[in-house]
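Written below as C-alpha coordinates is the structure these notes are about.
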Amino acid sequence: MTIKVGINGFGRIGRMVFRAVYNEFKDIEIVGINDLLDADYLAYMLKYDSVHGRFDHEVSSEPGAMIVDGKKIRLTAERDPADLKWGDVGADIVIDCTGFFLTAEGCQKHIDAGAKKVVQSAPSKDGTPMFVYGVNHESYAGQTIVSAASCTTNCLAPIAKVLNDKWGIKRGLMTTVHAATATQKTVDGPSQKDWRGGRGILENIIPSSTGAAKAVGVVLPELNGKLTGMAFR
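Residue numbers are given in my numbering: position 13 of the sequence shown equals residue 73, and the series is strictly consecutive.
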(Lines of atoms letter the chains of each structure in order from A; the text may use other names.)
(Lines give C-alpha, C1' and ligand atoms only; values in the text may rest on other atoms or scores of the structure.)
Protein backbone atom coordinates (compact mmCIF):
# COMPACT_ATOMS: atom_id res chain seq x y z
CA MET A 61 0.00 0.00 0.00
CA THR A 62 1.39 3.38 -1.03
CA ILE A 63 1.22 6.24 1.47
CA LYS A 64 0.48 9.57 -0.20
CA VAL A 65 2.26 12.53 1.38
CA GLY A 66 1.98 16.28 0.97
CA ILE A 67 4.71 18.70 2.04
CA ASN A 68 3.88 22.18 3.31
CA GLY A 69 7.01 24.33 3.18
CA PHE A 70 9.80 23.37 0.79
CA GLY A 71 12.71 24.85 2.70
CA ARG A 72 15.60 22.95 4.22
CA ILE A 73 13.52 20.32 6.00
CA GLY A 74 10.91 20.01 3.27
CA ARG A 75 13.54 19.31 0.63
CA MET A 76 15.31 16.76 2.84
CA VAL A 77 11.98 14.98 3.39
CA PHE A 78 11.50 14.88 -0.37
CA ARG A 79 14.99 13.48 -0.97
CA ALA A 80 14.55 10.85 1.74
CA VAL A 81 11.27 9.68 0.25
CA TYR A 82 12.70 9.32 -3.26
CA ASN A 83 15.93 7.68 -2.15
CA GLU A 84 14.79 5.43 0.70
CA PHE A 85 11.03 4.81 0.75
CA LYS A 86 9.46 3.14 -2.26
CA ASP A 87 6.09 2.83 -0.52
CA ILE A 88 5.66 6.60 -0.12
CA GLU A 89 4.49 8.94 -2.89
CA ILE A 90 4.78 12.73 -2.78
CA VAL A 91 1.54 14.09 -4.21
CA GLY A 92 1.76 17.80 -3.42
CA ILE A 93 4.11 20.57 -2.36
CA ASN A 94 3.07 23.97 -1.06
CA ASP A 95 5.58 26.82 -1.01
CA LEU A 96 5.54 30.49 -1.95
CA LEU A 97 8.60 30.30 -4.24
CA ASP A 98 8.32 29.95 -8.02
CA ALA A 99 8.18 26.44 -9.45
CA ASP A 100 11.44 26.70 -11.39
CA TYR A 101 13.32 27.89 -8.32
CA LEU A 102 11.91 25.08 -6.17
CA ALA A 103 13.10 22.58 -8.78
CA TYR A 104 16.55 24.17 -8.83
CA MET A 105 16.85 24.10 -5.03
CA LEU A 106 15.85 20.44 -4.99
CA LYS A 107 18.25 19.45 -7.76
CA TYR A 108 21.37 21.06 -6.29
CA ASP A 109 22.22 21.01 -2.59
CA SER A 110 25.39 22.42 -1.02
CA VAL A 111 25.51 19.67 1.64
CA HIS A 112 24.06 16.58 -0.01
CA GLY A 113 25.05 17.29 -3.58
CA ARG A 114 23.08 16.68 -6.76
CA PHE A 115 19.67 15.01 -6.52
CA ASP A 116 20.08 11.94 -8.70
CA HIS A 117 16.71 12.16 -10.46
CA GLU A 118 15.37 14.09 -13.44
CA VAL A 119 13.79 17.31 -12.17
CA SER A 120 11.92 19.98 -14.11
CA SER A 121 8.93 22.23 -13.58
CA GLU A 122 5.96 23.85 -15.24
CA PRO A 123 3.33 26.22 -13.89
CA GLY A 124 1.58 24.41 -11.05
CA ALA A 125 3.75 21.29 -11.08
CA MET A 126 7.17 19.86 -10.37
CA ILE A 127 8.13 16.93 -12.58
CA VAL A 128 10.42 14.26 -11.11
CA ASP A 129 11.37 11.26 -13.24
CA GLY A 130 8.42 12.05 -15.50
CA LYS A 131 5.85 12.20 -12.70
CA LYS A 132 3.97 15.44 -12.06
CA ILE A 133 3.64 16.62 -8.48
CA ARG A 134 1.14 19.37 -7.74
CA LEU A 135 2.62 22.71 -6.67
CA THR A 136 0.64 25.36 -4.83
CA ALA A 137 1.55 28.69 -3.25
CA GLU A 138 -1.01 29.20 -0.49
CA ARG A 139 -0.35 31.01 2.78
CA ASP A 140 -3.33 29.47 4.55
CA PRO A 141 -3.37 25.64 4.88
CA ALA A 142 -7.15 25.77 4.76
CA ASP A 143 -6.87 26.57 1.03
CA LEU A 144 -4.67 23.61 0.08
CA LYS A 145 -7.35 21.10 -1.00
CA TRP A 146 -5.31 18.05 0.02
CA GLY A 147 -8.32 15.89 -0.68
CA ASP A 148 -7.94 16.59 -4.41
CA VAL A 149 -4.56 14.80 -4.46
CA GLY A 150 -5.53 12.14 -1.93
CA ALA A 151 -2.95 13.11 0.70
CA ASP A 152 -2.89 10.63 3.56
CA ILE A 153 -0.29 12.57 5.56
CA VAL A 154 0.85 16.17 5.40
CA ILE A 155 4.30 16.98 6.76
CA ASP A 156 4.25 20.62 7.79
CA CYS A 157 7.78 21.97 7.43
CA THR A 158 7.02 25.68 7.63
CA GLY A 159 7.66 26.12 11.34
CA PHE A 160 4.56 28.33 11.51
CA PHE A 161 1.83 25.80 12.28
CA LEU A 162 2.98 24.16 15.52
CA THR A 163 -0.34 23.82 17.31
CA ALA A 164 -3.21 21.41 16.86
CA GLU A 165 -5.42 24.34 15.88
CA GLY A 166 -3.07 25.41 13.10
CA CYS A 167 -2.59 21.90 11.74
CA GLN A 168 -6.31 21.18 11.88
CA LYS A 169 -6.55 23.35 8.77
CA HIS A 170 -4.71 20.63 6.84
CA ILE A 171 -7.26 18.09 8.07
CA ASP A 172 -10.14 20.37 7.11
CA ALA A 173 -8.53 20.69 3.65
CA GLY A 174 -8.67 16.93 3.15
CA ALA A 175 -5.53 15.45 4.75
CA LYS A 176 -5.96 12.48 7.05
CA LYS A 177 -3.02 13.13 9.38
CA VAL A 178 -0.39 15.81 9.99
CA VAL A 179 3.21 15.62 11.20
CA GLN A 180 4.86 18.79 12.49
CA SER A 181 8.57 18.89 11.66
CA ALA A 182 9.41 20.90 14.80
CA PRO A 183 8.49 20.83 18.50
CA SER A 184 4.85 21.69 19.09
CA LYS A 185 3.86 24.82 20.98
CA ASP A 186 0.90 23.22 22.70
CA GLY A 187 0.09 19.75 23.97
CA THR A 188 0.37 18.06 20.57
CA PRO A 189 1.91 14.59 21.16
CA MET A 190 5.62 14.47 20.38
CA PHE A 191 7.41 11.34 19.15
CA VAL A 192 11.05 10.43 18.56
CA TYR A 193 11.51 7.22 16.60
CA GLY A 194 13.33 4.62 18.66
CA VAL A 195 12.41 6.34 21.91
CA ASN A 196 8.65 6.52 22.31
CA HIS A 197 7.23 5.78 18.84
CA GLU A 198 5.67 2.54 20.08
CA SER A 199 3.33 4.60 22.26
CA TYR A 200 1.75 6.16 19.16
CA ALA A 201 -1.96 5.46 19.39
CA GLY A 202 -3.25 6.80 16.10
CA GLN A 203 -3.34 10.49 16.94
CA THR A 204 -4.27 12.65 13.96
CA ILE A 205 -1.73 15.43 14.60
CA VAL A 206 1.75 14.74 16.00
CA SER A 207 5.13 16.44 16.33
CA ALA A 208 8.43 14.86 15.28
CA ALA A 209 10.32 17.06 17.79
CA SER A 210 13.52 18.94 16.91
CA CYS A 211 16.82 17.91 15.36
CA THR A 212 18.62 18.17 18.71
CA THR A 213 15.90 16.25 20.53
CA ASN A 214 16.19 13.46 17.97
CA CYS A 215 19.93 13.32 18.75
CA LEU A 216 19.68 13.62 22.52
CA ALA A 217 16.63 11.51 23.37
CA PRO A 218 17.99 8.14 22.10
CA ILE A 219 21.23 8.63 24.07
CA ALA A 220 19.33 9.67 27.18
CA LYS A 221 17.04 6.66 26.86
CA VAL A 222 19.95 4.21 26.62
CA LEU A 223 21.74 5.75 29.61
CA ASN A 224 18.58 5.90 31.68
CA ASP A 225 17.50 2.34 30.83
CA LYS A 226 20.94 0.93 31.64
CA TRP A 227 22.07 2.93 34.64
CA GLY A 228 19.47 5.60 35.42
CA ILE A 229 19.88 9.37 35.21
CA LYS A 230 19.59 11.53 38.33
CA ARG A 231 20.33 14.79 36.54
CA GLY A 232 22.16 15.84 33.41
CA LEU A 233 23.71 18.75 31.54
CA MET A 234 23.84 18.57 27.75
CA THR A 235 25.66 20.66 25.18
CA THR A 236 24.85 20.62 21.49
CA VAL A 237 27.26 21.92 18.88
CA HIS A 238 24.73 23.07 16.31
CA ALA A 239 25.23 23.84 12.66
CA ALA A 240 24.61 27.41 11.57
CA THR A 241 20.96 28.11 10.83
CA ALA A 242 19.29 30.24 8.18
CA THR A 243 18.37 33.02 10.61
CA GLN A 244 21.99 33.64 11.68
CA LYS A 245 24.16 36.32 10.11
CA THR A 246 27.29 35.96 8.00
CA VAL A 247 28.63 39.29 9.33
CA ASP A 248 27.90 41.12 12.59
CA GLY A 249 24.47 42.70 12.54
CA PRO A 250 21.58 43.75 14.77
CA SER A 251 19.71 41.16 16.82
CA GLN A 252 17.54 42.95 19.35
CA LYS A 253 16.28 39.92 21.27
CA ASP A 254 19.63 38.11 21.40
CA TRP A 255 22.70 40.34 21.06
CA ARG A 256 25.09 37.42 20.77
CA GLY A 257 22.89 35.93 18.07
CA GLY A 258 23.71 38.91 15.86
CA ARG A 259 27.38 37.97 15.61
CA GLY A 260 28.74 36.65 12.32
CA ILE A 261 28.83 32.87 12.05
CA LEU A 262 32.12 32.77 10.15
CA GLU A 263 34.18 34.18 13.03
CA ASN A 264 32.26 33.07 16.12
CA ILE A 265 30.93 30.14 18.09
CA ILE A 266 27.75 31.59 19.52
CA PRO A 267 26.20 30.33 22.79
CA SER A 268 22.44 29.96 22.64
CA SER A 269 19.55 28.45 24.52
CA THR A 270 17.93 25.19 23.45
CA GLY A 271 14.63 23.60 24.31
CA ALA A 272 15.91 20.11 23.54
CA ALA A 273 16.62 19.12 27.14
CA LYS A 274 13.09 20.06 28.16
CA ALA A 275 11.66 18.26 25.13
CA VAL A 276 13.39 15.04 26.18
CA GLY A 277 11.19 15.13 29.27
CA VAL A 278 8.16 15.11 26.98
CA VAL A 279 9.16 11.97 25.06
CA LEU A 280 10.71 10.38 28.18
CA PRO A 281 8.49 11.51 31.07
CA GLU A 282 10.73 9.78 33.62
CA LEU A 283 13.43 12.35 32.77
CA ASN A 284 11.14 15.37 33.00
CA GLY A 285 12.93 18.14 34.90
CA LYS A 286 16.20 16.22 35.17
CA LEU A 287 18.03 17.64 32.14
CA THR A 288 19.17 21.10 31.18
CA GLY A 289 21.62 22.39 28.61
CA MET A 290 22.69 24.90 26.00
CA ALA A 291 23.72 25.12 22.38
CA PHE A 292 26.73 26.47 20.51
CA ARG A 293 25.97 27.65 16.99
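Note that the Cβ used here is the ideal one computed from N, Cα and C, for glycine as well.
Fair warning: this is a prediction, and the values are worked out from it, not measured in the lab.
| Asked | Found |
| --- | --- |
| In the DSSP assignment, what residue or residues form a beta bridge with L287? | G232 |
| Looking at the structure shown, is T212 part of a helix, part of a strand, or coil, going by DSSP? | helix |
| Report yes if the CB atom of T236 is closer than 8 Å to the CB atom of A275, and no otherwise. | no |
| Could you tell me the alpha carbon to alpha carbon distance between V128 and V149, rounded to whole angstroms? | 16 Å |
| Could you check whether Q168 and A303 sit closer than 8 Å to each other, using their CB atoms as the reference points? | For residue 303 there is no data in the structure shown, the boundaries of the chain being 61 and 293. |
| Going straight from the alpha carbon of G277 to that of A220, what length do you get? | 10 Å |
| What is the DSSP secondary structure of L135, reduced to helix, strand or coil? | strand |
| If contact is defined by three or more beta carbon pairs under 8 Å, each pair taking one atom from either stretch, is the region 171-187 in contact with the region 97-111? | no |
| With I67 as the anchor, note down where its beta strand (DSSP E) starts and where it stops. | I63 to N68 |
| How many Å lie between V279 and S268 at the Cα? | 22 Å |
| Which of the three DSSP states, helix, strand or coil, is assigned to P267? | strand |
| In the structure shown, what three-state DSSP assignment does Y200 receive? | coil |
| How many Å lie between G130 and A99 at the Cα? | 16 Å |
| Below 8 Å on the Cβ atoms is my guess for K176 versus I153; work out the distance and round it to an integer in Å. | 7 Å |
| Does the beta-carbon of W146 have 16 or more other beta-carbons within 10 angstroms, so that it is buried, or is it exposed? | buried |
| Please work out which residues of its chain come closer than 7 Å, Cβ to Cβ, to A164, disregarding the five sequence neighbours upstream and downstream, and give them in chain order. | D186, T188 and I205 |
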